[in-house]
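What follows is one structure encoded as structure tokens, with my remarks underneath.
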Amino acid sequence: MNTKTAIITGGSRGLGRDMAINLAQNGIDVIFSYHSNSQKANEVISEIENIGQKAAAFQFDANNPNSGKDFIYKATQYLSEEKGSPNFDFLINNAGTGTFNKVADTSETQFDEMMNIHLKSVYFLTQAALPYLNNGGRIINISSGLARFSLPGMSAYAIMKGAIEVFTRYLAKELGDRKITANTVAPGAIATEFAGGSNKDPEKVAIISSITALGRVGEAEDIGGAVAFLCSEKAGWINGQRIEISGGMLV
């Protein structure tokens, strides 16, 4: 039996790390990107290998759209050497960071950075990956609850995530003849290092908890299992959908 392979951008920590671990627990090999912290990447590789799956990590700078092509090249070269084929089964576009500025204070540089990281690099990395994505495969793009509800200071980030949701629907439509599904996962507020770790601030945690039906802030561990489910046989009829994982935030 040929073990399936997932490619995840931003898999060395936070949400991406939990996705990688959950996929490995489901018997899937993982290739992931890291931005600069090779030590964290190596720790995740060890965790996945301890589960019994293969793992590899390559550098990727989401602020440089050309870097995505290089990352896919390295990943497919590795697969050719390791498995005899450059093809893989699941693409999860997760890498990202946030900027906190109100519209009146957002610079063009900050706007362009959000566009490069969350939209342009995702678009062209996916384009580079499509020839190697097996028919019947899955694409999962990570969006945000902020594409549905609005919190001051996150406009540039949220605009790009809204665009990713449109992009996902087009992927679902255009790749249907290859039986490739494309879906969006939109996490709510998660207590990670994202945007400077502000969701770990006790005052903000209290506010988030008060507007969330399940009464707490999200954790990275709340997301990975859902992504792994979307990569399972049981999720094959889910396509072109936006799935928010927020504990019922601002419902």
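Just so you know, we're using our numbering here: the sequence shown kicks off at 1 and counts up by one. Every residue, glycine too, gets a C-beta built ideally from N, C-alpha and C.
**Study point:** Meets three-Cβ-pair contact criterion under 8 angstroms: the segment 134-145 and the segment 106-114
**Key:** The segment 106-114 and the segment 134-145 do not touch, with fewer than three beta-carbon pairs separated by less than 8 angstroms.
>> Suppose you measure from the CA of residue 222 to the CA of residue 231; what does that come to, to the nearest Å?
In response: Cα atoms of residue 222 and residue 231: separation of roughly 16 angstroms, rounded to the nearest angstrom.
Handout entry: Residue ranges of each beta strand (DSSP E) within the segment 38-99, 3 or longer
Key = Taking only runs of at least 3 residues, the beta strand (DSSP E) segments lying wholly in the segment 38-99 are 55-59, 88-93.
Notebook entry, point to check: CB-CB under 6 angstroms to residue 62, same chain, minus the five flanking residues each way: which ones, in chain order?
Noted result: Taken in chain order, the residues that qualify are 95, 117, 121.
- [ ] Alpha carbon to alpha carbon, how far is residue 10 from residue 38? Give it in angstroms, no decimals.
- [x] Residue 10 has its alpha-carbon roughly 12 angstroms from the corresponding atom of residue 38.
Open item on the list: Can you find the residues in the same chain that come closer than 8 angstroms, C-beta to C-beta, to residue 213, ignoring five residues on each side of it along the sequence?
Closed with: Listed in chain order, the non-local C-beta contacts of residue 213 below 8 angstroms within the same chain comprise 247, 248, 249, 251, local neighbours out to five positions each way being set aside.
| request: Check residue 152 in the structure and name its three-state DSSP category. | output: Collapsing the DSSP output to three states places residue 152 in coil.
Residue 46 to residue 92, Cα distance in whole Å?
One Cα belongs to residue 46, the other to residue 92, and the distance between them is close to 20 angstroms.
Worksheet item: DSSP beta-bridge partners for residue 33?
Response: Residue 33 is bridged by DSSP to 58.
Measuring alpha carbon to alpha carbon, tell me which of 205, 72, 119 ends up nearest residue 165.
-> Minimum Cα distance to residue 165 is reached at 119.
| Close Cβ partners of residue 64 (< 8 angstroms) along its chain, the five nearest in sequence each way excluded | Excluding the 5 residues flanking it on each side, residue 64 has same chain C-beta neighbours closer than 8 angstroms at 116, 121, in chain order.
- When the distance is taken between beta carbons, is residue 33 closer than 8 angstroms to residue 53? The answer is no: Cβ separation not under 8 angstroms.
With residue 276 and residue 217 assumed to form a contact (beta carbons below 8 angstroms), what rounded beta-carbon distance in angstroms separates them?
Given a span of 1 to 251 for the chain in the structure shown, any question on residue 276 remains unanswerable.
Task: Option nearest residue 152 by Cα separation, candidates 131, 102, 163 - done: Per the Cα distances, 102.
Original post:
Whose CA, out of 132, 17, 98, 40, lies closest to the CA of residue 71?
Top reply: Residue 132 is the option with its Cα nearest to residue 71.
| task | Could you tell me which residues DSSP pairs with residue 185 in its beta bridges? | result | Beta-bridge annotation (DSSP): residue 185 is paired with 142, 243.
task: Check residue 199 in the structure and name its three-state DSSP category.
output: Under the three-state reduction of DSSP, residue 199 is assigned to helix.
| task | Would you tell me roughly how many angstroms separate the C-alpha atoms of residue 82 and residue 205, rounded to the nearest one? | result | Cα-Cα distance, rounded: 44 angstroms.
Do you know whose CA, among 7, 97, 26, 234, lies nearest residue 73's CA?
The candidate whose alpha carbon is nearest that of residue 73 is 7.
Measuring only the C-alpha atoms, how far is residue 156 from residue 192?
So the two alpha carbons sit approximately 20 angstroms from each other.
Over what stretch of residues does the beta strand (DSSP E) that includes residue 28 continue unbroken? It is not in any beta strand (DSSP E) - residue 28 carries neither H nor E in the DSSP assignment.
Open item on the list: Going by the DSSP bridge assignment, what does residue 133 pair with across the sheet?
Closed with: Paired residues: 88.
Same chain only: Cβ atoms within 6 angstroms of residue 182, ignoring 5 sequence neighbours per side:
Cβ within range, chain order: 139, 168, 171, 172.
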